Structures are given as C-alpha cells and as structure tokens.
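Encoded as structure tokens, the structure appears first; notes follow it.
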Amino acid sequence: MQEQQKDVLKTGTTTVGLVFKDGVILAADKRASMGYMIAHKNVQKIHEVFENALITIAGGVGDAQMLLRYIRAEAKLYELTNKRKLSISSLSNLVAHVLYGGRNQFMPYYVQFLLGGYDSHGVSLFVLGADGARLEDEFISTGSGSVFAYGVLQDHYSKDLDEQSATHLAVRAVHAAIQRDMASGDGIALAIITQKGTKFLSKKEIEKLLKQPA
-8 MQEQQKDVLK TGTTTVGLVF KDGVILAADK RASMGYMIAH KNVQKIHEVF
42 ENALITIAGG VGDAQMLLRY IRAEAKLYEL TNKRKLSISS LSNLVAHVLY
92 GGRNQFMPYY VQFLLGGYDS HGVSLFVLGA DGARLEDEFI STGSGSVFAY
142 GVLQDHYSKD LDEQSATHLA VRAVHAAIQR DMASGDGIAL AIITQKGTKF
192 LSKKEIEKLL KQPA
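Numbered per our numbering, the sequence shown spans residues -8 to 205.
Below, the structure written as structure tokens:
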C-alpha cells in the first residue's frame, strides 16, 4: 500500500483558508509531486464548485479531480431541482458524505479539501478529511506544509482583519511553507470570496504582496 501511494500523483501541498470580516480567502501553492519527484509546477489547486463557493485540493490528484466533478454535478442537480443553490454548509455536508462513503474501499479517497464560500448565511470555511470528517473554523491549513503555515497564522490571525491584511497574511503563510516544505512550491494562487463575488489575484499582485514587510 505504501509503495502504491508513492507512485500516486499528489498535490503536495500547502493550502490555507481564513475568514476575515468581509469574506473568506483560499490560497495554495502550485506544485504536484510523485514520490520525490516534482511532477508539475503549475497545478491549479483552487476550484470553483459554483458561484461564491470554492474548494482547495490536497492529496491524490486523480481522486480530487474525480470527486470535484461529482460534487459539481450533484450541486448543479440540486440547483436545477430546487431552483436555488446549496448553502455552503449543505455543500460541506455533501462532500463529507461522499468522502465517508469511500472509507470501506480497498484504497479510500486520498484527499483533503478546504471549502470556503459566501451565501445568505454569511461566510463559511470548512475542512473535509478523507474519513468524512467535517470541521468549521476561522483559519485552516492542510497538506504537507501546513505546520509551517500554521506558525504564521497562529501568531497573526484575527477575524477582524480587513481584506488587504488578510490577503497579505494568507500569502505569507503559504510562502513560509514553500520555504521549508519540499512538496510545496512553484508559486501561489489566491482567491477572495465576498458578497460582491469571487476574485483571483494575478501573479503580479501576489509578487507585490510578497515584497511587503510582515
């Protein structure tokens, strides 16, 4: 089993989610690895489920991609049937049930997700484990670099952060992991979700934030 897992294409990885006073931010590095080899250097780890609902992936790329397609299809089916979108909380329950259902397989889903979004109930951020565990928090990190990201988040996070400060903190947290974790690297992707919609930062905007003092 361990030898098989070494050959699985994995996202590494470091993902970060944090809630601020007007929304939620999701950030991630861009590296995918296979064993001790860097397999890809520009992997998209932040994906839209539907408008104002994003998910980050950590773990096996194949499992994550398949599950993401299934989750999107189920969310769309719910919207067509009920004439409204799933709430972020209900979407997180859907993902948790799907993951829990894979526990009894020979090789359970090798993934961990962060789900962040904005709906009529406000901002939500969940972490969803391969065993179907579902936890809500104000800041979360997943992946092999999470211990380094948490070192930054734990010292500097506040729910009262404004968008600019929260964005800077998320970038710093992922960057700290990239400096120390060999499975994380090759740039940072970041998305901001507010009542106004979803915005992805450009490479130049990320680089500008990295130049700012802590």
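Backbone N, C-alpha and C define an ideal beta-carbon position, used for all residues, glycine too.
Note that the structure is predicted; figures quoted are calculated from it, not measured.
Any idea what DSSP makes of residue i, helix, strand or coil?
i: residue 154; result: helix
i: residue 27; result: coil
i: residue 146; result: helix
i: residue 159; result: helix
i: residue 205; result: coil
i: residue 140; result: helix
If you follow the alpha helix (DSSP H) that residue i is part of, which residue opens it and which one closes it?
i: residue 56; result: 52 to 73
i: residue 80; result: 79 to 92
i: residue 129; result: It is not in any alpha helix (DSSP H) - residue 129 carries neither H nor E in the DSSP assignment.
Can you give me the start and stop residues for the beta strand (DSSP E) that residue i sits inside?
i: residue 18; result: 14 to 20
i: residue 190; result: 188 to 191
i: residue 39; result: 37 to 41
i: residue 113; result: 113 to 119
i: residue 7; result: 6 to 11
Would you list the one or two residues that DSSP bridges to residue i?
i: residue 135; result: DSSP lists no partner for residue 135.
Leaving out the 5 sequence neighbours to the left and right, which residues in its chain are closer than 6 Å to residue i when beta-carbon positions are compared?
i: residue 191; result: 182
i: residue 132; result: 7, 140, 141
Leaving out five residues before and five after residue i in sequence, what residues of the same chain have Cβ atoms less than 7 Å from its Cβ?
i: residue 161; result: 7, 9, 16, 18, 181
i: residue 197; result: 162, 179, 181
i: residue 13; result: 154, 185
i: residue 58; result: 89, 100, 102
Report all residues from its chain with a CB closer than 8 Å to the CB of residue i; omit the five preceding and five following residues, and keep chain order.
i: residue 144; result: 7, 9, 130, 132, 160, 164
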